[in-house]
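In this text, residue positions in the sequence shown follow our numbering: the first is -9, and each later residue adds one. Report on the structure given below.
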Amino acid sequence: MKAILMKTSGEPDVLTLTEISQPTINSPTTILIKLKAAGINPIDTKLRQRGTFYPEEMPAVLGCDGAGIVEAIGSEVTRFQPGDEVYFCAGGLGKIGTGNYAEYAVVEEHRVALKPTTLSFPEAAAAPLVLITAWEALYDRARLTPGQTVLIHGGAGGVGHVAIQLAKLKGAKVCTTVGSTDKARLVRQFGADEPILYKKTDFVESVLSWTDGQGVDVAFDTVGGQTFFDTCGAVKVYGDIVTILQPDSSIGNLKVARTRNLRLGLELMLTPALMGLKEGQTHQMSILEQCATFIDEGKLTLHLSQTFPLEETVTAHKALEAGSNTGKIALTIV
């Protein structure tokens, strides 16, 4: 089968289109999926630049997100039949025999959900990682409740635009940082109550003004760096701040967070995969099932800004790394 192979770490051109062996069902609980599309996420570019989590198993096929059609099932599979349209987040971290920049994938049944019927395959492939990340950050880590106020950084981005919608579905009020007036208009379409043009105004001051000096109940940091430490001053006393990046102590400290008695949450949706936690993987599958319902009911949308054919994966990585993208990017697989 055709696949994009990474033989060494480096710039995007280390990704090459190659013929490799097609995977086969390797346990009674796995399914063979004919991939129609694969999502591209920042984790893909980081693994390409720095190396995968399993360097001893190189070369690797990247891509955590996929969508396609079930072609065959293991003898103990009960939830799917050949012909089912599915989407999932699994593989792509460097383990041999995994990855979705390819024509086929073999995935454990408990990691797969039926694709939202109203989404195309590229849209569905772009969705899983960001849906799970935003859900776990807001619902599991921050324990968001109706009526709370939320600050979401990067609201026009992949995780951010989904986080806005999930926060609104929970009955929260949302402010979000954006880099342009065009993005401000876009995030309003997703339900944001207060876009903040962070290049023109101090976002902490804007948040405090919006909340009558109290700060938000929950802040969701998708940017990291100094932004994480600055955000602590925009959260109310005894509030929550969740980040998807590792705080860098060489940049700042947690004095403000400690003074305000904030509850800190670290969100890494890859934990169940990296630690082999089946319960966590099953929980993530259930998130995809619930989100599929929201999507098909018109309560949640996925913004896909660009698609590239599998053969143009290098260009797709360059587009993601160029920054200023809105929503998601996906690969189409014929």
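Glycine included, each C-beta is placed from N, C-alpha and C at the ideal position. The model shown is predicted, which means the values in this text are computed figures rather than measured ones.
C-alpha distance - residue i paired with residue j, whole-angstrom precision
i	j	result
G58	V102	11 Å
G148	P299	20 Å
L109	R248	43 Å
L269	L260	Looking at the sequence itself, residue 269 is Glu, so the reference to Leu does not match. So the two alpha carbons sit approximately 13 Å from each other.
G150	I241	23 Å
M(-9)	L25	11 Å
K173	A182	11 Å
P112	E47	28 Å
I142	S65	44 Å
I23	S170	40 Å
T191	W125	29 Å
Y94	P13	7 Å
Y77	F218	32 Å
L7	G317	26 Å
G56	I30	9 Å
E61	P72	5 Å
I21	F70	8 Å
E98	E75	15 Å
Q280	L252	30 Å
L128	G255	10 Å
Cross-strand partners of residue i (DSSP beta bridge)
i	result
F78	G56 and V102
A320	G29 and T297
E311	According to DSSP, which records beta bridges pairwise, E311 is partnered with nothing at all.
E184	C165
I142	T166 and F210
K24	I59 and Y94
Backbone secondary structure at residue i - three-state DSSP
i	result
F298	strand
R253	strand
Y129	helix
K(-8)	strand
I63	strand
A95	strand
T272	helix
T6	strand
A50	strand
L156	helix
F70	coil
S110	coil
L258	coil
S196	helix
K189	coil
I277	helix
G288	coil
P18	coil
When the options are compared against residue i, the one with the closest alpha-carbon
i	options	result
E9	A320, L321, E301 and H307	E301
L121	A312, Q296, E257 and F70	E257
G53	S314, T88, A146 and E47	T88
F210	D202, A224 and S199	A224
L278	T123, G41 and L235	T123
I116	L294, S199, Y188 and K289	Reading off the sequence shown, one finds Ala at residue 116, where the question assumed Ile. Answer by Cα proximity: L294.
T201	A320, G81, V140 and F180	V140
A146	A114, E184 and S276	E184
E195	K308, C222, L128 and R131	C222
G161	F193, H100, L134 and K85	L134
Write down every uninterrupted run of the alpha helix (DSSP H) in the segment 199 to 251 whose length is 4 residues or greater and which is fully enclosed by it, in chain order. Within the segment 199 to 251, the alpha helix (DSSP H) runs of at least 4 residues that lie entirely inside it are, in chain order, 216 to 221 and 245 to 249.
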